[in-house]
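Engineer: Each residue of the sequence shown is one higher than the one before, counting from 329 in our numbering. Here you go, one structure.
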Amino acid sequence: MASGDPSPVRRVVLVGFMASGKTSVARALAERLGWQAVDADEEAERRMGRSIAEVFRVDGEATFRQVERSVMGALLERDRVIVASGGGWPATPARPLEALPTGTLAVWLRVTAEEAVERASAEPGMRPLLDNDDPLAAARRLLAERESAYRAALLHLDTAGRTPAEIAGRIAAYIEARAAGPEVPPHDD
Numbered sequence: 329m330a331s332g333d334p335s336p337v338r339r340v341v342l343v344g345f346m347a348s349g350k351t352s353v354a355r356a357l358a359e360r361l362g363w364q365a366v367d368a369d370e371e372a373e374r375r376m377g378r379s380i381a382e383v384f385r386v387d388g389e390a391t392f393r394q395v396e397r398s399v400m401g402a403l404l405e406r407d408r409v410i411v412a413s414g415g416g417w418p419a420t421p422a423r424p425l426e427a428l429p430t431g432t433l434a435v436w437l438r439v440t441a442e443e444a445v446e447r448a449s450a451e452p453g454m455r456p457l458l459d460n461d462d463p464l465a466a467a468r469r470l471l472a473e474r475e476s477a478y479r480a481a482l483l484h485l486d487t488a489g490r491t492p493a494e495i496a497g498r499i500a501a502y503i504e505a506r507a508a509g510p511e512v513p514p515h516d517d
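What follows is the structure in structure tokens.
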């Protein structure tokens with residue numbers, strides 16, 4: 329949703345680095361709005377019949393990205409849905425945040441590489457791109473590569489020191505302000 333798009337918000341896509349809280353915020357926001365929350369990675373795993381980590385290991389990242397693209401395309405056709413995207417989806421060559429369907433609000437949940445690695449360490453083996461000898465260096469590199477893609481989101485919200493409910497409240501307030509009048513500027517918090 330570009331800042332000049334006067335259409336009402338019909339769906340929200342949460343983007344950001346792995347472990348930024350996209351799934352938790354999606355659930356909190358969906359509960360607040362009475363919408364549905366969908367985790368794109370969980371949906372991709374359901375379609376593939378196995379974990380993302382296994383697909384990366386056996387078939388490679390390109391296979392996963394193809395499924396992810398299909399899943400996100402289908403999810404972004406729905407209304408009244410909060411989509412927690414995969415961390416790498418916005419940075420794929422198609423640059424999907426630059427061509428979102430009308431009525432889609434993209435929100436970047438910002439997290440530092442250090443915080444992402446700390447959060448991800450609670451789920452060993454679940455983050456294949458960090459499964460190496462120096463996960464912090466890998467996280468810093470990936471975050472640097474993806475940051476310009478994340479910036480295409482209309483709202484930018486820091487997650488440090490905030491609960492999913494607090495972040496969901498900020499997003500809901502923005503949606504309510506847009507409903508009251510379409511001239512609400514982009515937000516960087």
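Positions of the beta carbon are idealized from the N, C-alpha and C atoms, including for glycine. The model shown is predicted, which means the values in this text are computed figures rather than measured ones.
Does the region 357–377 come within contact of the region 404–420, defined as at least 3 CB pairs closer than 8 Å?
Structural biologist: Judged by Cβ distances under 8 Å, the region 357–377 makes contact with the region 404–420, as three or more pairs qualify.
Engineer: Could you please give the first and the last residue of the uninterrupted beta strand (DSSP E) stretch that includes Asp367?
Structural biologist: For the purposes of this step, residue 367 is taken as residue 39 along the sequence shown, with counting starting at 1. Here the beta strand (DSSP E) through Asp367 covers 364–367.
Engineer: Thinking C-beta only, is Val395 closer than 7 Å to Arg423?
Structural biologist: The residue labelled residue 423 in the question sits at position 95 within the sequence shown. The residue labelled residue 395 in the question sits at position 67 within the sequence shown. No, these two residues do not count as a Cβ contact at 7 Å.
Engineer: Tell me where the alpha helix (DSSP H) around Arg360 begins and ends.
Structural biologist: Position 32 of the sequence shown, counted from the first residue, corresponds to residue 360. Counting along the chain, the alpha helix (DSSP H) containing Arg360 begins and ends at 350–361.
Engineer: Who pairs with Val435 in a beta bridge, going by DSSP?
Structural biologist: Taking the sequence shown and counting its residues from 1, one reaches residue 435 at position 107. Note: Val435 sits in a beta bridge opposite Leu342, Leu483.
Engineer: I believe Leu428 touches Leu404 by the beta-carbon criterion, under 8 Å. Please report the beta-carbon distance rounded to the nearest angstrom.
Structural biologist: By 1-based counting over the sequence shown, the position of residue 428 is 100. By 1-based counting over the sequence shown, the position of residue 404 is 76. About 7 Å separates the two Cβ atoms, so the contact holds.
Engineer: Would you say Pro421 and Ala477 are within 7 Å of each other, going by their C-beta atoms?
Structural biologist: Within the sequence shown, residue 421 is the residue found at index 93, counting from 1. Within the sequence shown, residue 477 is the residue found at index 149, counting from 1. Their beta carbons are not under 7 Å apart, which means Pro421 does not touch Ala477 by this criterion.
Engineer: Measuring CB atoms only, is the region 478–486 touching the region 427–446, in the sense that at least three cross pairs come out at less than 8 Å?
Structural biologist: They touch, by the three-pair rule.
Engineer: CA-CA distance, Ile503 and Leu357?
Structural biologist: Here residue 503 is taken as the residue at index 175 of the sequence shown, counted from 1. Here residue 357 is taken as the residue at index 29 of the sequence shown, counted from 1. Roughly 11 Å separates the two Cα atoms.
Engineer: Is Gly337 helix, strand or coil by DSSP?
Structural biologist: Numbered from its first residue, the sequence shown carries residue 337 at position 9. Per the sequence presented here, residue 337 reads as Val, with Gly not at that position. It is coil, neither helix nor strand.
Engineer: For Ala412, which three-state DSSP category applies?
Structural biologist: The residue labelled residue 412 in the question sits at position 84 within the sequence shown. DSSP places Ala412 in strand when its eight states are reduced to three.
Engineer: What does a CB cutoff of less than 6 Å around Ala302 pick up in its chain, not counting 5 residues either side in sequence?
Structural biologist: Outside the modelled stretch of the chain, which goes from 329 to 517, sits residue 302, for which no answer is possible.
Engineer: Please return the same chain residues whose Cβ sits closer than 7 Å to the Cβ of Glu473, not counting the five positions on each side in sequence.
Structural biologist: The residue you call residue 473 lines up with position 145 of the sequence shown. Closer than 7 Å at Cβ, skipping near neighbours: Ala419.
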